[in-house]
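See structure below.
Residue numbers (our numbering): 1 to 175.
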């Protein structure tokens, strides 16, 4: 990822080698525009396309702010209000991503390999993973809403803020 100056101001250039990003990007770009129309602070996608057979490029306006290092109750409330804006956005799954199908596959069937990677980090990490797996197990048969748009990696490093005010949520492609 690079920060660059352009005629439209500061931009972020992302080059990703993830085939899932390339496949879903036209849909994701339209969904981010729909979120922005709801008042959700996301970077405007200016361009996206293939660089070569393996790489995909995303060009977006830079969002001001720095990643959150901590979160107080006021910031948490603001972030939860943003998550609510993701609900019921009526995702057109054609060309898109069925999060309702994906989340249970990741949580319960090991898709993406994140559980294995985290467990392999250390015995302490493996212990935390086992406790987390037990916490989510009761949700195994819960059917998720298909009309919601989910971030996939909503953590403090992807929430930008200035003086405690959230200015943007970034890294929607999970890359």
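All residues carry an ideal CB built from backbone N, CA and C; glycine is no exception.
Between which two residues does the beta strand (DSSP E) harbouring residue 48 extend?
-> The residue labelled residue 48 in the question sits at position 48 within the chain shown. Where residue 48 is concerned, the enclosing beta strand (DSSP E) stretches over 45 to 50.
Looking only at DSSP bridge pairs, what is residue 159 linked to?
-> Residue 159 sits at position 159 when you count from the first residue of the chain shown. Paired residues: 169.
Roughly how many angstroms separate the alpha carbons of residue 29 and residue 123, rounded to a whole number?
-> As a working mapping, residue 29 is identified with position 29 in the chain shown. As a working mapping, residue 123 is identified with position 123 in the chain shown. Taking the straight line from one Cα to the other gives about 40 Å.
According to DSSP, is residue 124 helix, strand or coil?
-> By 1-based counting over the chain shown, the position of residue 124 is 124. Here residue 124 sits in helix by DSSP.
Pairwise C-alpha distance: residue 57 and residue 177 | Nothing can be reported for residue 177: it is not among the residues displayed for the chain, which extend from 1 to 175.
Could you give the DSSP three-state label for residue 146: helix, strand or coil?
-> Taking the first residue of the chain shown as position 1, residue 146 is located at position 146. Three-state DSSP puts residue 146 in coil, outside helix and strand.
CA-CA distance, residue 11 and residue 141?
-> Here the question's residue 11 lines up with position 11 in the chain shown. Here the question's residue 141 lines up with position 141 in the chain shown. Cα to Cα, the separation comes out at about 42 Å.
So what does DSSP say about residue 3, is it helix, strand or coil?
-> As a first step, residue 3 is located in the chain shown; it is residue number 3 there, counting from the start. Residue 3: strand per DSSP, three-state reduction.
By how many angstroms is the C-alpha of residue 6 removed from the C-alpha of residue 41?
-> The count along the chain shown starts at 1 and reaches residue 41 at position 41. The count along the chain shown starts at 1 and reaches residue 6 at position 6. The alpha-carbon atoms of residue 41 and residue 6 are separated by roughly 21 Å.
If you pair each beta-carbon of the stretch 70 to 82 with each one of the stretch 120 to 136, do three or more pairs fall below 8 Å?
-> Touching, no, given that fewer than three Cβ pairs across the two stretches are closer than 8 Å.
Beta-carbon spacing of residue 172, residue 32 below 9 Å | Counted from its first residue, the chain shown places residue 172 at position 172. Counted from its first residue, the chain shown places residue 32 at position 32. For the 9 Å CB-CB criterion, residue 172 and residue 32 form a contact.
Quick one: Cα of residue 22 to Cα of residue 74, how far?
-> The residue you call residue 22 lines up with position 22 of the chain shown. The residue you call residue 74 lines up with position 74 of the chain shown. Linking residue 22 to residue 74 through their CA atoms gives a straight-line distance of about 36 Å.
Going by beta carbon distance, what residues of the same chain come within less than 7 Å of residue 45, once the five residues before and after it are set aside?
-> Translated into positions along the chain shown, residue 45 becomes position 45. Excluding sequence neighbours, residue 45 sits near 29, 32, 58, 60.
Excluding the five sequence neighbours on either side, which residues of its own chain have a C-beta within less than 7 Å of the C-beta of residue 168, listed in chain order?
-> Numbered from its first residue, the chain shown carries residue 168 at position 168. Counting only Cβ-Cβ distances below 7 Å, and skipping sequence neighbours, we find 41, 42, 43, 63, 65, 160.
Cβ-Cβ separation, residue 35 to residue 86 (assumed contact under 8 Å), whole Å | Position 86 of the chain shown, counted from the first residue, corresponds to residue 86. Position 35 of the chain shown, counted from the first residue, corresponds to residue 35. Residue 86 to residue 35, Cβ: 7 Å. Contact.
So residue 99 and residue 170 are in contact, right, with Cβ under 8 Å, and what is the actual spacing, rounded?
-> The residue labelled residue 99 in the question sits at position 99 within the chain shown. The residue labelled residue 170 in the question sits at position 170 within the chain shown. Going by Cβ atoms, the distance from residue 99 to residue 170 rounds to 18 Å, so no, they are not a contact pair.
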